[in-house]
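Novice: Take this structure, written in structure tokens, and hold onto it; I'll ask about it next.
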Amino acid sequence: MARSPVHPGFLAIAVLLLALQAGGPAVAAALRYERAAIAGGELWRLLSGHFVHLGWAHCLLNAGGLLALAAILPAPLRAGRCCLLLGGAIGIALFAALPDLQRYAGFSGINYGLATLALLPRCRGEAVAALLLAALVARAAWQWLADGGAADAAWLGAPPLAAAHFAGLAGGAVLALAGPLRRAALR
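Start counting the sequence shown at 2; every next residue gets the next number (our numbering).
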């Protein structure tokens, strides 16, 4: 039997994203990143906020992106562990660096981290990997500096949070380059 191009762990996470979206606004409100709730002790929101979305378009974009990335990620990658490490790191970074950020939801920061984890080790030998990674960095910079996400706000429900994308890029780079963390992400 042929091996599926998508790791079952990433498929399960994509299904989880869809199931949480199907749960409706109450589920999103209970799990999204909310600064006041986190400051009040609801620390799980640092992580769970990545798994809920602003609407179906937002959710489908991130779930589809995850499945596309899963096809290029290293086979022995531990899907759940990588998403937990990246999500936790991004949530903490947002809380520490953006005191004015009151609410956040979405998986795109984790997707940026997974893309970096997949592409960075290949950059020396594969020009396409280096070009794709440079394009991701350029897109995040454009969103940050030129308000490049304003056009996306209408159909996503809010502009993309470039800071989450940069935190994902940084987290993915740490996972890709730091020996002990890389070993933790792999089997």
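Every residue gets a Cβ at the ideal spot worked out from N, C-alpha and C, and that includes glycine.
For A97, does the count of other Cβ atoms within 10 angstroms reach 16, so buried, or fall short, so exposed?
Specialist: Exposed, since its Cβ has fewer than 16 Cβ neighbours within 10 Å.
Novice: Let's test the definition: count the other Cβ atoms within 10 Å of the Cβ of A135 and tell me whether it reaches 16, buried, or not, exposed.
Specialist: Exposed: under 16 other Cβ atoms inside 10 Å.
Novice: So within the segment 46-105, which uninterrupted beta strand (DSSP E) runs reach at least 3 residues, ignoring any that extend past its ends?
Specialist: Segments of the beta strand (DSSP E) lying fully in the segment 46-105: there are none.
Novice: Which residue or residues does DSSP assign as beta-bridge partners of Y34?
Specialist: Y105.
Novice: Report back the beta-carbon spacing between L21 and F52 to the nearest angstrom; my notes put them in contact at under 8 Å.
Specialist: Their Cβ separation, rounded to whole angstroms, is 6 Å, which keeps L21 and F52 in contact under 8 Å.
Novice: Give me the residue from L121, H8, D148 with the minimum Cα distance to A171.
Specialist: Comparing Cα-Cα distances from A171 to each of L121, H8, D148, the minimum goes to L121.
Novice: Just mark E35 as buried or exposed, buried being the case when its beta carbon has 16 or more other beta carbons within 10 Å.
Specialist: Burial call: buried.
Novice: Between G50 and R123, what straight-line distance do the alpha-carbon atoms span, to the nearest angstrom?
Specialist: Roughly 30 Å separates the two Cα atoms.
Novice: Hey, quick one: how far does the alpha helix (DSSP H) through H166 stretch, first residue to last?
Specialist: That run of the alpha helix (DSSP H) goes 163-178.
Novice: In terms of residue numbering, what span does the alpha helix (DSSP H) encompassing P122 cover?
Specialist: P122 -> no alpha helix (DSSP H), and no H or E assigned at all.
Novice: Mind checking Q103: buried by the 16 CB within 10 Å criterion, or exposed?
Specialist: Burial call: exposed.
Novice: DSSP three-state call for P160: helix, strand or coil?
Specialist: Coil at P160, not helix or strand.
Novice: Note down the Cα distance separating W57 from G126, rounded to an integer number of angstroms.
Specialist: Taking the straight line joining both Cα atoms gives about 38 Å.
Novice: Assuming Y105 contacts A141 (C-beta within less than 8 Å), just tell me the rounded distance between them.
Specialist: 15 Å between Cβ atoms; not a contact.
Novice: Please report the Cβ distance between L55 and G107, rounded to the nearest whole angstrom; I am assuming they are in contact, meaning their Cβ atoms lie under 8 Å.
Specialist: So it is a contact: roughly 7 Å between Cβ atoms.
Novice: Residues in the same chain with beta-carbon distance under 7 Å from A64, minus the five sequence neighbours each way, listed in chain order, please.
Specialist: The answer, listed in chain order, is A15, L18, L19.
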